[in-house]
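Chains as they are written, first to last, in this note's numbering: chain C, 24 to 134; chain L, 51 to 166.
The C-beta atom is built at its ideal place from N, Cα and C for all residues, glycine as well.
#1: Give a yes or no on contact between the segment 152-159 of chain L and the segment 101-109 of chain L, applying the rule of three or more CB pairs nearer than 8 Å.
#2: Starting from the C-beta of residue 75 of chain C, find all residues in its chain whose C-beta is less than 6 Å away, skip the five residues before and the five after it, and write them out in chain order.
#3: Can you find the residues in the same chain that come closer than 7 Å, C-beta to C-beta, to residue 66 of chain L, ignoring five residues on each side of it along the sequence?
#4: Please report how far the alpha carbon of residue 84 of chain C lies from the alpha carbon of residue 99 of chain C, in whole angstroms.
#5: Return the residue from the list C/126, C/53, C/107 that minimises the CA-CA distance to residue 62 of chain C.
#6: Can you give me the start and stop residues for the beta strand (DSSP E) that residue 83 of chain L sits inside?
#7: Could you check if residue 165 of chain L is buried or exposed, using at least 16 other CB atoms within 10 Å of its CB as the buried criterion?
#8: So for residue 119 of chain L, helix, strand or coil by DSSP?
#9: Tell me whether the segment 52-62 of chain L and the segment 45-52 of chain C touch, counting them as touching only if at least three CB pairs, one residue from each stretch, are closer than 8 Å.
#10: At what residues does the beta strand (DSSP E) containing residue 60 of chain L begin and finish?
#11: Beta strand (DSSP E) containing residue 62 of chain C: first to last residue?
#12: Would DSSP call residue 100 of chain C helix, strand or coil?
#13: Could you check whether residue 125 of chain C and residue 93 of chain L sit closer than 8 Å to each other, using their CB atoms as the reference points?
#14: Whose Cβ in chain L lies nearer than 8 Å to the Cβ of residue 66 of chain C?
#15: What does the Cβ neighbour count give for residue 79 of chain L, buried or exposed, with the cut at 16 atoms within 10 Å?
#16: Cutting at 6 Å between CB atoms, please list the residues of its own chain near residue 159 of chain L, excluding the five before and the five after it.
#17: In angstroms, rounded to a whole number, what distance separates the CA positions of residue 30 of chain C and residue 120 of chain C?
#18: Checking contacts by CB at 8 Å: is residue 108 of chain L closer than that to chain C?
#19: Along the chain, where does the beta strand (DSSP E) containing residue 27 of chain C start, and where does it finish?
#20: Residues in the same chain with beta-carbon distance under 8 Å from residue 37 of chain C, minus the five sequence neighbours each way, listed in chain order, please.
#21: For residue 125 of chain L, list the residues DSSP reports as bridge partners.
#22: Determine, using beta carbons only, whether residue 68 of chain L and residue 108 of chain L come nearer to each other than 8 Å.
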C-alpha cells in the first residue's frame, strides 16, 4: 500500500509569483484535504476535495485554489504569493471518513 | 463555536516516566477526536482515534487516551516515555456537520522533550 506523497519537498518563490504543489493520495482513498502549517503553529484547514469537487473550505482567500483529478491526486495552487504564505503545506487523504493520513509536506519559502 | 485547546505548550519528562498531554474541546455536536504526532521535519502520524465505541482508546507506540464527555477532555498518556517520543503532539477534532464534514481542527500543539 502506497502512502501519501507530495512534491516538491522544498521550494523558494518570490513575492507575487504563483506556485503549484502536488499530492498523490494513498491507494484507494477518494478524498484529499490540504492544510497550511505556519512555523510553530498547528495546521490550518485550507480545503477538501471529494470526487473532483471542492467539499468544504477554510478561512483562506480565493487566491488559494485546488484541483482533484480522476485518479484522486490533487494540486494546490497559490497565486500572488505573500510573505505570510511561507509555511509547510500538508496534504491528507481519506476514504469516506474523517480519519486522514498525511503526506510529508512541502516547505514553501516566499522571499 | 467549536474549538480544541491543548493545555500545555511544552512538557518535559525523564525517560521511563509517565507522559500526560492534556486536551479539552468544545462542541455542540459529538465530535471525532484524534491525536497526531509530528517529528521534526516530518509529516503527521495518526496515534489514535476516538470513535465513541469505547472511552479508553489504545493507539500505537504504547499511547492511550481517555474520552471524558462530562469534562469535554481527551487526554493522552503513556506509562513510560522513550527518547523517541520527543516530538510535537496535536489534539485534533473533526466536526461532522454539513459545513464541516471531514474538516480537522488542530490544537496549538504540545512540544514533548524527553531527557535521559
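Considering the structure as presented:
#1: Flag = no, the segment 152-159 of chain L and the segment 101-109 of chain L do not touch.
#2: Excluding its 5 nearest sequence neighbours in each direction, residue 75 of chain C has C-beta neighbours in its own chain below 6 Å: 91, listed in chain order.
#3: 130, 131, listed in sequence order.
#4: Those two C-alpha atoms are separated by around 13 Å.
#5: In terms of CA proximity to residue 62 of chain C, C/107 leads the group C/126, C/53, C/107.
#6: Note, residue 83 of chain L: beta strand (DSSP E), 82-88.
#7: Classification of residue 165 of chain L: exposed, given that the 10 Å Cβ count is below 16.
#8: Helix.
#9: With the cut-off at 8 Å, the segment 52-62 of chain L and the segment 45-52 of chain C do not touch.
#10: First-last of the beta strand (DSSP E) with residue 60 of chain L: 60-64.
#11: From DSSP, residue 62 of chain C is part of no beta strand (DSSP E); its letter is neither H nor E.
#12: Residue 100 of chain C falls in the strand class under three-state DSSP.
#13: Closer than 8 Å, so yes.
#14: Neighbours of residue 66 of chain C on chain L, chain order: 94, 140, 154, 156.
#15: The residue is exposed, with fewer than 16 neighbouring Cβ atoms inside 10 Å.
#16: Counting only Cβ-Cβ distances below 6 Å, and skipping sequence neighbours, we find 138, 140.
#17: Put simply, the backbone Cα of residue 30 of chain C is about 25 Å away from that of residue 120 of chain C.
#18: Not one beta carbon of chain C lies nearer than 8 Å to the beta carbon of residue 108 of chain L.
#19: In this chain, residue 27 of chain C is not harboured by any beta strand (DSSP E), its DSSP state being neither H nor E.
#20: Correct list, in chain order: 104, 133, 134.
#21: Residue pairing by DSSP places residue 125 of chain L opposite L/116 in a beta bridge.
#22: No.
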